[in-house]
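Letter 286 of the sequence shown, counting from 1, is numbered 286 in UniProt numbering, and no numbers are missing. Quick reminder that beta carbons are idealized off the backbone N, C-alpha and C, glycines included. Model, not experiment: these values are computed from the prediction.
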Amino acid sequence: MQDELPFAEFLSAAVELTRSARPPDSVTAAYLLTFLSGFKVAGPVVRKLSRLLTSELAPQTSCSLLQIPQQAPDVSSETSEALQETSSGALSETTLRTPFKSRCLHLLADAAFRKDCGDDGLLWMAILLLSELESQLEVARGNLLEASSSGPLYGVMISLRTLLRKVSWRNLSTSDVKIWKTVLDCSVSLAFGVAEVVSPVVTNASPEGQLDVQGDPGMLERMQAALQKGLGRRFDVVQGAHREGGTGVTEIDAVKSTAVAAQMLLLCGWRAHREVSLLFGELCEGCPFGDVSDDSKQCLLSVDQVLKIGSFFMEQMSSIRHRGAFEQAYTAFQKLCQMLWRVLGSSRFPVLLLLSRLFPSVVEGGFRLDAFVPHVVRCSRSPSWKVRALAARAVVPLVAPAERREFLLGAILSLPGATCPPENNAVHGTLLQVLQIVNHSRDFFAEQDFVDSVCCRLEEKVWLASGCNPCLATRAAYLSVVLACSRSLLEKFALSRSIASKLIRAVLPDITPTQRHAVATCEEFFTATAHEVLLELGLQHPSLFSPEATSYFQFLLCALSSRSQEARFVTLQFVKRATVQRICDACLREHTKQSLLDLSCNIAEQMIHSHIMDDVVGLPEKMAVQRWTLELLNCSEPTQDLAMRVTASRGLGLLVKTVVSESKQVNKICSTL
């Protein structure tokens, strides 16, 4: 087809079909417009028509807003007359109904006069359909019932989606990226508008019962007009009674007309919503997205648009009542998730976050999530710390409870030996997974055989905590695993003396106070974790600390005066958890017990004073004060020696003074509130 006049006639018929209330007509329009866009005359005809209509409708508006030069369009007189004659019944009056009130019409006018905009048939058809969609959307915002009969939205959206599907988004030339980016922005914006208009229909539990004929006297007339316009004939005409005057009148049966109008309204609502979901899904699947301000990358969708589309799907799937609309929204949401799965950034990894929240039902017979385990384990080798941490949390619900023992022992065994060059990311990710499994499987540590197996395999990998391992992150992760295992044990169990001895010899020399001021990466984290592990091991095996070099009490003093703020905080928290008597029993000499008791009193005083500075003193702090008081009362019993009773009495005096001052401070704060 090389003649412009027949092409314009076909184009007019196709656009008219997009306004039909019959779903088969909209499919026909989509195929016809896609077919017409492949002809060479498609671009020139739509462009000439757009320039002609631009000059006729509002030349001063378009030129003032878009700064388009007021020049005569380069259109032959014969073609102009033919296009005017052809478009007078369809395009000029109805396609561009509102002269330049919105972004899409501005886009059409701007593209019509730009010399750098070529004659791509797909581009011009897409711009023409956007203007038609916007005009239908304006009608729907005013009266959705009228729009369902004269412009039901889904017809033009099917055509637009079919056209955009033919665009090779990843192979666009640099000169075309900008104009197509504008087309996509308009498409996404209008799609959100369509979803907003039809949302009351698809979210209603009874969408066909929204038409209140009795409450609105004019509803019946509007339904009659909508049926007449949409179906092209009167529906179920019945002969009415002869009124005064002797003339017979015909009227539409109210019940049947209401049913047909309600079905037409519902059809418009859920089909339009379906097209919005499918459009978003196809755009997310095919269009590259990223930082649109970076000219070096051809990013057509911005990150903000993708986030808005994701929020749209989450909101719609939680509120849609119509089954068909929900199914299509779910299908499109799957495409969005597949696109996000291909992104390597940790902040765009929602699938791992979703998997970490999934737990199978207790009544579910087969465990069907184990297929995800290899993929999540592979994510633990990611160079991003956040991705490794997220993968570690996600693997917990994916492994069946009966298989966690084997998974835990296998993960520890997979750690490299001292002679193998470690891959730090993989080692760190594996240790994080082991840590999460241990924290969620504490009941396994009630079995002595399992405890022995874990301790044996951890002892084989103890080099990961020593100075032979230069990576502080993996050293801290290994110590965190040991600490979690130690805290999971029952009172009758404890970590083996062998692994405790190796850990103390491996870690203690590296955390002694030094004069260095430079802090290496992860050093603070490693130092705090090492202090916490050594404090716990000291309670279980105090004799492993050499009295000649560094006794357990000396290590405690050094920890309280460590240059690391995290280490000091961890030590204070440990002293708060452990009772005075238990710490004293871990020390070997009597004067050490007295010194430690004196030190504990000072710690209690500092701890309480630090809490007085806060605005509100919480319950945990008050419980700590009560615990210290009870311990000091026990130490001041007559059965204790004189030195301990004197020290405990002085400590009680300090506690009483600080508690009284604390109460006054709290009362003062409460009175000012």
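Relative to the C-alpha of Ser414, which residue among Glu460, Arg442, Cys284 and Gln316 is closest?
For Ser414, the closest of Glu460, Arg442, Cys284 and Gln316 by C-alpha to C-alpha distance is Glu460.
Suppose you measure from the CA of Phe555 to the CA of Arg342; what does that come to, to the nearest Å?
About 49 Å.
Since Phe313 and Phe289 are thought to touch, with beta carbons under 8 Å apart, how far apart are those beta carbons, to the nearest angstrom?
Your pair Phe313 and Phe289 does not check out as a contact, with CB atoms roughly 15 Å apart and the cut at 8 Å.
With DSSP as the reference, please indicate the residues paired to Ser498 in a beta bridge.
When DSSP reads this structure, Ser498 sits in no beta bridge, so it has no partner.
Nearest candidate by alpha-carbon position, reference Gly324, set Ser175, Arg568 and Val201:
Each of Ser175, Arg568 and Val201 was checked against the Cα of Gly324, and the nearest Cα belongs to Val201.
In the DSSP output, which residue or residues are listed as bridge partners for Ser302?
Partner residues in the beta bridge of Ser302, as assigned by DSSP, are Gly290.
Cβ contact check for the stretch 149-157 and the stretch 275-290: 3 or more pairs under 8 Å
With the cut-off at 8 Å, the stretch 149-157 and the stretch 275-290 touch.
Secondary structure of Ala418, DSSP reduced to three states:
Ala418 falls in the coil class under three-state DSSP.
For a test of the three-state rule: what should DSSP assign to His428, helix, strand or coil?
Correct three-state label for His428: helix.
Selection from Thr527, Ser501, Arg563 and Cys558 that minimises the alpha carbon distance to Ser543
Checked all of Thr527, Ser501, Arg563 and Cys558; the closest Cα to Ser543 is Ser501.
With distances taken Cα to Cα, identify the nearest neighbour of Phe10 among Ala21, Arg22, Pro24 and Ala29.
Shortest Cα-Cα distance from Phe10 to any of Ala21, Arg22, Pro24 and Ala29 involves Ala29.
Please list, in chain order, all residues of the same chain as Trp463 whose beta carbon is under 6 Å from its beta carbon, the five residues on each side excluded.
In its chain, beyond the 5 residues on either side, Ala418 have a beta carbon closer than 6 Å to the beta carbon of Trp463.
Could you tell me the alpha carbon to alpha carbon distance between Ser382 and Ser486, rounded to whole angstroms?
Spanning the two alpha carbons is a distance of roughly 29 Å.
With a Cβ-Cβ cutoff of 9 Å, do Ala530 and Gly467 count as a contact?
For the 9 Å CB-CB criterion, Ala530 and Gly467 do not form a contact.
Starting from the N-terminal side, write out each stretch of the alpha helix (DSSP H) that is 4 residues or longer and does not extend beyond the stretch 172-210.
With a minimum length of 4 residues, the continuous alpha helix (DSSP H) runs that stay inside the stretch 172-210 are 174-202.
Pairwise C-alpha distance: Pro397 and Cys420:
When rounded, the distance between both Cα atoms is 31 Å.
Please report how far the alpha carbon of Leu408 lies from the alpha carbon of Ile437, in whole angstroms.
A straight-line Cα-Cα distance of about 7 Å links Leu408 and Ile437.
Between Trp124 and Gly43, how many whole angstroms is the CB-CB distance? I'm expecting something under 8 Å.
For Trp124 against Gly43, the beta-carbon gap comes to about 5 Å, under 8 Å, which counts as contact.
Compare the beta carbon distance of Leu145 and Ala21 with 9 Å and say whether it is the shorter of the two.
Contact flag unset, no.
Which of helix, strand or coil DSSP assigns to Cys456:
It is helical.
CA nearest to the CA of Asp370, picked from Leu539, Leu390, Ala394 and Val387
The option with the nearest alpha carbon to Asp370 is Ala394.
Throw me the rounded Cβ distance for the Leu36 and Leu17 pair, which I believe falls under 8 Å.
Between Leu36 and Leu17, the beta carbon gap of about 12 Å keeps them out of contact (Cβ cut-off 8 Å).
Pull up the distance between the alpha-carbon of Val197 and that of Ala13, whole angstroms please.
Val197 and Ala13 have their alpha carbons spaced roughly 27 Å apart.
Alpha helix (DSSP H) containing Gly151: first to last residue?
Run containing Gly151: none; DSSP gives neither H nor E here.
Take the Cβ of Lys335 as the centre, count every other Cβ of all protein chains shown within 10 Å, and call the residue buried at 16 or more, exposed below.
Label assigned to Lys335: buried.
Note down, in chain order, each residue of its chain lying with its Cβ closer than 6 Å to the Cβ of His322, except the 5 sequence neighbours on either side.
Closer than 6 Å at the Cβ level, and outside the excluded window around His322, lie Val202 and Trp270.
Would you say residue 701 and Leu283 are within 9 Å of each other, going by their C-beta atoms?
Because the chain spans 1 through 673 in this model, residue 701 falls outside it and cannot be assessed.
Under DSSP, the alpha helix (DSSP H) around Thr18 begins and ends at which residues?
Counting along the chain, Thr18 falls outside any alpha helix (DSSP H), and DSSP gives it neither H nor E.
Select from Leu153, Arg563, Trp180 and Ser551 the residue whose C-alpha is nearest the C-alpha of Ala191.
Nearest neighbour of Ala191 by Cα position, chosen from Leu153, Arg563, Trp180 and Ser551, turns out to be Leu153.
Length of the line joining the Cα atoms of Leu163 and Ser149
Rounded to whole angstroms, Leu163 to Ser149 spans 24 Å at the Cα level.
Identify whether Ile320 lies in helix, strand or coil by the three-state DSSP scheme.
DSSP places Ile320 in coil when its eight states are reduced to three.
Excluding the five sequence neighbours on either side, which residues of its own chain have a C-beta within less than 8 Å of the C-beta of Ser453, listed in chain order?
Excluding the 5 residues flanking it on each side, Ser453 has same chain C-beta neighbours closer than 8 Å at Leu409, in chain order.
First and last residue of the uninterrupted alpha helix (DSSP H) at Ser135
Gly121 to Gly142 is the span of the alpha helix (DSSP H), which, as asked, contains Ser135.
Ser496: CB within 8 Å of a non-hydrogen atom of the ligand SAH:
This structure lacks the ligand SAH, and indeed carries no ligand of any kind.
Span of the alpha helix (DSSP H) holding Glu524?
Run containing Glu524: Glu523 to Gln540, per the alpha helix (DSSP H) assignment.
So, at 8 Å on beta carbons, what are the nonlocal neighbours of Ala484 in its own chain, with the 5 sequence-adjacent residues on each side left out?
Once the five neighbours on either side are set aside, the close Cβ partners of Ala484 are Leu435, Val438 and Asn439.
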